[in-house]
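Trainee: Residue numbers (the working numbering): 10 to 326. For every residue, glycine included, the Cβ atom is placed at its ideal position computed from N, Cα and C. Below are the structure tokens for one structure; questions will follow.
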Amino acid sequence: MANTSSRTLRLLSLLQTHRYWQGGELAERLGVSVRTLRRDVDRLRELGYPVEAQRGVEGGYQLAAGAALPPLVIDDEEAVALAVGLQTAVLGAVEGIAESSVRALAKVVQVMPARLRHRVEALRTMTVPAGWDGQDATSVDPGVLTTVALACRNRERLRIAYTSADGTRTERHVEPHRLVRLGRRWYLVAYDLTRHDWRSFRVDRLVGPENTGARFRPRELPAADAADFVRAGLDNLPRPYRVEVLADAPASVARERIGRWCTVEEVDAGRCRIRMTTHSLDWPIMSLGVLGADFNVVHPPELLDRVHEWAARFQRA
Numbered sequence: 010m011a012n013t014s015s016r017t018l019r020l021l022s023l024l025q026t027h028r029y030w031q032g033g034e035l036a037e038r039l040g041v042s043v044r045t046l047r048r049d050v051d052r053l054r055e056l057g058y059p060v061e062a063q064r065g066v067e068g069g070y071q072l073a074a075g076a077a078l079p080p081l082v083i084d085d086e087e088a089v090a091l092a093v094g095l096q097t098a099v100l101g102a103v104e105g106i107a108e109s110s111v112r113a114l115a116k117v118v119q120v121m122p123a124r125l126r127h128r129v130e131a132l133r134t135m136t137v138p139a140g141w142d143g144q145d146a147t148s149v150d151p152g153v154l155t156t157v158a159l160a161c162r163n164r165e166r167l168r169i170a171y172t173s174a175d176g177t178r179t180e181r182h183v184e185p186h187r188l189v190r191l192g193r194r195w196y197l198v199a200y201d202l203t204r205h206d207w208r209s210f211r212v213d214r215l216v217g218p219e220n221t222g223a224r225f226r227p228r229e230l231p232a233a234d235a236a237d238f239v240r241a242g243l244d245n246l247p248r249p250y251r252v253e254v255l256a257d258a259p260a261s262v263a264r265e266r267i268g269r270w271c272t273v274e275e276v277d278a279g280r281c282r283i284r285m286t287t288h289s290l291d292w293p294i295m296s297l298g299v300l301g302a303d304f305n306v307v308h309p310p311e312l313l314d315r316v317h318e319w320a321a322r323f324q325r326a
């Protein structure tokens with residue numbers, strides 16, 4: 010008979026893979042008496058697992074849904090599938106859960122055996138993700154994200170190589186604060202020990218972040234939160250185009266369909282004003298196509314010219 014701890018884990022694994030177990034069958038699988046099985050079930054309940062019991066000759070046990078999520082027991086195949094699924098969510102396949110997926114992925118990778126890490130890495134490197142354009146969030150390495158996320162959580166200093174917009178590469182020593190996902194990109198908010206100031210770094214421009222093992226006491230961020238800090242920095246960057254469009258669609262519809270890429274203001278019940286700053290005029294056109302409504306270009310005039318080019322191209326198709 011296995012020791013109590015390993016037997017309890019085995020019992021949990023069986024309950025998670027079978028809707029209902031008769032008591033005698035379950036005890037036989039574990040190699041214990043029905044009385045010992047009852048004690049093991051009570052031990053699982055003390056740990057927070059909602060195990061339901063049915064009395065009688067045909068009585069048995071099943072795992073029910075609880076008020077909280079207790080630790081899970083998963084096999085190798087399930088661990089690999091979980092890590093790959095989280096990587097997909099990290100890259101933005103499911104809107105709204107990317108940041109929580111990074112935290113979960115960091116926890117899974119931290120305790121994953123080396124043999125499983127190799128399998129996950131092989132699947133990642135041999136899979137080609139699809140994106141809207143070359144600057145999509147899919148260019149971010151999930152391994153870099155998990156390394157940075159763990160450093161944020163553990164308050165551990167990092168050494169990074171960072172490539173700026175003009176192509177200059179520098180070595181930085183930073184105290185990581187938070188990861189922020191805005192639009193299609195990830196940003197690391199950190200105190201830069203090299204520049205002696207707070208900075209936000211595009212994660213797709215980070216190379217080989219290394220944990221130093223040195224812990225630090227958190228500093229006060231000069232903003233309401235990390236997302237506000239990143240937004241403030243982006244607003245100060247020069248943008249070649251500031252787009253303004255009047256669309257024949259309710260503001261609520263525009264926010265639901267394209268609100269993550271722009272600012273939407275209500276004009277009246279059936280119209281809204283859409284504003285966006287961008288380096289490319291093609292992206293606003295794609296967004297307005299997703300909106301599926303008539304619109305008038307207010308600014309810039311170059312956008313109207315580009316819309317006419319797209320219209321002619323589609324007309325020829």
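My assumption, with CB atoms under 8 Å, is that M285 sits in contact with V252. Please give the rounded CB distance.
Mentor: 4 Å
Trainee: Spatial neighbours of T17 within its chain, please: C-beta separation below 7 Å, excluding the five flanking residues on both sides.
Mentor: D49, R52, L53
Trainee: Helix, strand or coil: how does DSSP classify G65 here?
Mentor: Assigned with DSSP and collapsed to three states, G65 falls in coil, not helix or strand.
Trainee: When you compare only the Cα positions, how much space is there between W30 and G57?
Mentor: 19 Å
Trainee: Give every residue of the same chain whose Cβ lies closer than 7 Å to the Cβ of D85, excluding the five residues on either side of it in the sequence, and list them in chain order.
Mentor: If we look at D85 and ignore the five residues flanking it on each side, its Cβ neighbours are L125.
Trainee: Within 10 angstroms of the Cβ of E184, are there 16 or more other Cβ atoms? Answer buried if so, exposed if not.
Mentor: buried
Trainee: What is the DSSP secondary structure of E180, counted as helix, strand or coil?
Mentor: strand
Trainee: Return yes when the C-beta of D314 is under 8 Å from any heavy atom of the ligand NAP, and no when it is not.
Mentor: This structure lacks the ligand NAP, and indeed carries no ligand of any kind.
Trainee: Nearest by alpha-carbon distance to Y250: which of A223, R181, L191, D291 is it?
Mentor: Ranking the options by Cα distance to Y250, first place goes to D291.
Trainee: Please list the terminal residues of the continuous beta strand (DSSP E) segment that includes G222.
Mentor: 215–224
Trainee: Within its chain, find whatever has a CB closer than 6 Å to the CB of V103; leave out the 5 residues flanking it on each side and keep chain order.
Mentor: Below a pLDDT of 50, predicted positions are generally treated as unreliable, and V103, at 48, falls in that range; no measurement from the model is reported.
Trainee: Leaving out five residues on either side along the sequence, give the residues of the same chain with a beta carbon under 8 Å from the beta carbon of E327.
Mentor: Residue 327 is absent from the model: the chain starts at 10 and stops at 326.
Trainee: Please state if the CB of L46 and the CB of G32 are separated by a distance shorter than 9 Å.
Mentor: yes
Trainee: Can you tell me whether D150 is buried or exposed, with buried defined as 16 or more other CB within 10 angstroms of its CB?
Mentor: buried
Trainee: Among D277, R240, V276, which has the Cα closest to the Cα of W270?
Mentor: R240
Trainee: Could you pull out every unbroken alpha helix (DSSP H) segment of at least 4 residues lying fully inside the region 238–284, listed in chain order?
Mentor: 260–267
Trainee: Measuring straight from C-alpha to C-alpha, what distance separates V137 and L95?
Mentor: At V137, the pLDDT of 46 sits below 50, so the modelled position is not reliable and the matter cannot be decided from this model.
Trainee: Start and end of the alpha helix (DSSP H) containing E55?
Mentor: 43–55
Trainee: Assign T155 to buried or exposed, taking buried as 16 or more other Cβ atoms, counted over all protein chains shown, within 10 Å of its Cβ.
Mentor: buried
Trainee: Three-state secondary structure (DSSP) at S296?
Mentor: helix
Trainee: Report yes if the CB atom of R181 is closer than 9 Å to the CB atom of R211, and no otherwise.
Mentor: For the pair R181 and R211, the CB atoms are not nearer than the 9 Å cut-off.
Trainee: Confirm, please, whether the CB-CB distance from A263 to L313 is below 9 Å.
Mentor: No, Cβ-Cβ distance for L313 and A263 is not below 9 Å.
Trainee: Quick check: the Cα distance between G152 and S42, rounded to an integer number of angstroms?
Mentor: Straight-line Cα distance between these residues: approximately 46 Å.
Trainee: By the DSSP assignment, the alpha helix (DSSP H) with T203 in it spans what residues?
Mentor: No alpha helix (DSSP H) contains T203, which DSSP labels as neither H nor E.
Trainee: Whose CA, out of A62, N305, L202, D237, lies closest to the CA of P227?
Mentor: Residue L202 is the option with its Cα nearest to P227.
Trainee: DSSP three-state label for P227, please.
Mentor: In the three-state reduction of the DSSP assignment, P227 falls in the coil class.
Trainee: Helix, strand or coil for A326 per DSSP?
Mentor: coil
Trainee: Helix, strand or coil for H308? Go by DSSP, reduced to three states.
Mentor: strand
Trainee: Given a cut-off of 9 Å, decide if C281 and L297 are closer than it, judged by their beta-carbon atoms.
Mentor: no
Trainee: Going by DSSP, what residue range makes up the alpha helix (DSSP H) through R162?
Mentor: Going by DSSP, R162 is part of the alpha helix (DSSP H) stretching over 151–163.
Trainee: Only counting the same chain, and skipping five residues up and downstream in sequence, which positions put a Cβ closer than 6 Å to that of T272?
Mentor: Excluding positions up to five away in sequence, the list reads R284.
Trainee: Can you name the start and end residues of the alpha helix (DSSP H) that L39 belongs to?
Mentor: 32–39
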